[in-house]
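To start, the structure under review is shown below, and the notes come after it.
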Amino acid sequence: MSHSRALFIPVILGTARMGRRSLHAARLVTEELGKCAGVETELIDIARLPLPTNDAGEAIKHAEFSAQITRANALVIVSPEYNHGYSGLLKHVLDSCLKEYIHKAVGIVGVSAGPFGGTRVIENLLPVMRELGLVTIFWDVNFSSVQRAFAEDGRLLDESFTRRVDKFSKELIWMAKTLRHGREQISLD
Amino acid sequence: MANHNKMMCPRCRVEMNHHCDKLVYTTDSQDLGQADPGLGGIIQEFHTRPKCGSGALRQA
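Protein chains in written order, with this note's numbering: chain U, 148 to 336; chain W, -10 to 49.
As C-alpha cells, this is what we get:
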C-alpha cells in the first residue's frame, strides 16, 4: 500500500472545565498538525460529547467518536493537570472505545498553570494508553505557566512552542506511518 | 486456541492482517466459560484490512 495516503490525527481536548486554557493549546496543536504534509486533523472537544454517566465503558460508545477514532492513524491528547491527574471525564470518554485504538500512535500534551507543564498528568496517562493498546511516542509538549504562553484571546505569546509542537508532530507522524504499515502488513502469526 | 483461518474483509474481499491479540478479562458469566484457563481471560484477535485500512476483531 502506498504511504502517500493521508494520515488522520485528531486532537482530543481532555477537559470540560469552564475557562480552560488547554483549549488554546489544543487549537495550536491542531493548527500546527494541519500544516504538516499529508496530515488531516480535527479537534475533538470532550465537552461536546454527550456521554451518559449512569454507565461506563464500551456500553456507552458514542458513534461519532468511535468513527473518528477508527479512522484515526494516531491521536494527540491535550490534558490539563488537575490535582496531579487527568480529568475524570477524559477517562470516561477514553474508556468508551477499545478496538478503535489498537496499535495506533499517541502523543500527549500536558498543560498546567505551574512550572511543570503537566509532566505528572502525562506520567499518569501513560499506563492508561498502554492498556488501551495505543503506542506512546517519546516526545511530549509541556505547556507550563499556560497563562503566560497564551493571551486571553488565545494568541500564542511564546513562539518557542511552535518548534516543540513541530518536533512532537514529526515523531508522531513517523510512528503513525510505521504502525499503519504494521497493522496492515505485519502479521502476528 | 488461536483461530488460524484468515479473516476476510467483508467489503474488500481481501485477507486481513492479524496484527494483535489482546487478553480481555471479563466478569460476564456467558464469557467466563470461554476464557482460556491458562491465561484467565478471552483472547480477542485484531485484524486490519490492507486495502481500506480499517479494522475488525473476533474472538480467538
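C-beta atoms are modelled at their ideal positions from N, C-alpha and C, and glycine is treated no differently.
Check, Outcome
"So what does DSSP say about Q48 (chain W), is it helix, strand or coil?", "strand"
"So which residues on chain U does N(-6) (chain W) lean against when the C-beta distance must stay under 7 Å?", "Those do not exist, as N(-6) (chain W) stays about 11 Å from chain U at its closest Cβ, beyond 7 Å."
"Taking just the CA atoms, how far does V253 (chain U) sit from G22 (chain W)?", "35 Å"
"Please give the ranges of any beta strand (DSSP E) in the region 177 to 210 of chain U, keeping only runs that are unbroken, at least 3 residues long and fully inside the region.", "190 to 192"
"By alpha-carbon positions, which one of U:P157, U:C244, U:R218 and U:P199 ends up nearest to D192 (chain U)?", "U:P157"
"At the level of alpha carbons, what is the spacing between Q294 (chain U) and F263 (chain U)?", "13 Å"
"If we count the other Cβ atoms within 10 Å of its Cβ and call it buried at 16 or more, is A184 (chain U) buried or exposed?", "exposed"
"On the criterion of 16 or more Cβ atoms from any shown chain inside 10 Å, does N6 (chain W) qualify as buried, or is it exposed?", "buried"
"Could you check whether the region 229 to 247 of chain U touches the region 195 to 203 of chain U, counting it as contact only if at least three pairs of C-beta atoms, one from each stretch, sit closer than 8 Å?", "yes"
"For Y14 (chain W) and E299 (chain U), I'd like the C-alpha separation in whole angstroms.", "46 Å"
"Please state whether DSSP places Q33 (chain W) in a helix, a strand or coil.", "strand"
"Does any residue of chain U bring its CB to less than 8 Å from the CB of D20 (chain W)?", "no"
"Can you check whether the CB of S291 (chain U) is closer than 8 Å to the CB of E247 (chain U)?", "no"
"Step through the CB atoms of chain B and report whether any lies within less than 8 Å of the CB of P39 (chain W).", "Given the protein chain composition of this structure (U and W), no chain B is represented."
"Residues of chain W with CB closer than 7 Å to the CB of E331 (chain U), please, in chain order.", "N6, T37, P39 and G42"
"Considering G22 (chain W), what are the terminal residues of the alpha helix (DSSP H) in which it resides?", "Careful: G22 (chain W) lies outside any alpha helix (DSSP H) and carries neither H nor E."
"What distance in whole Å lies between the Cβ atoms of G44 (chain W) and I249 (chain U), which are believed to be in contact at a cut-off of 8 Å?", "7 Å"
"Anything in chain W within Cβ reach of K246 (chain U), meaning under 9 Å, just list it in chain order.", "K11, Q33, F35, G44, A45 and L46"
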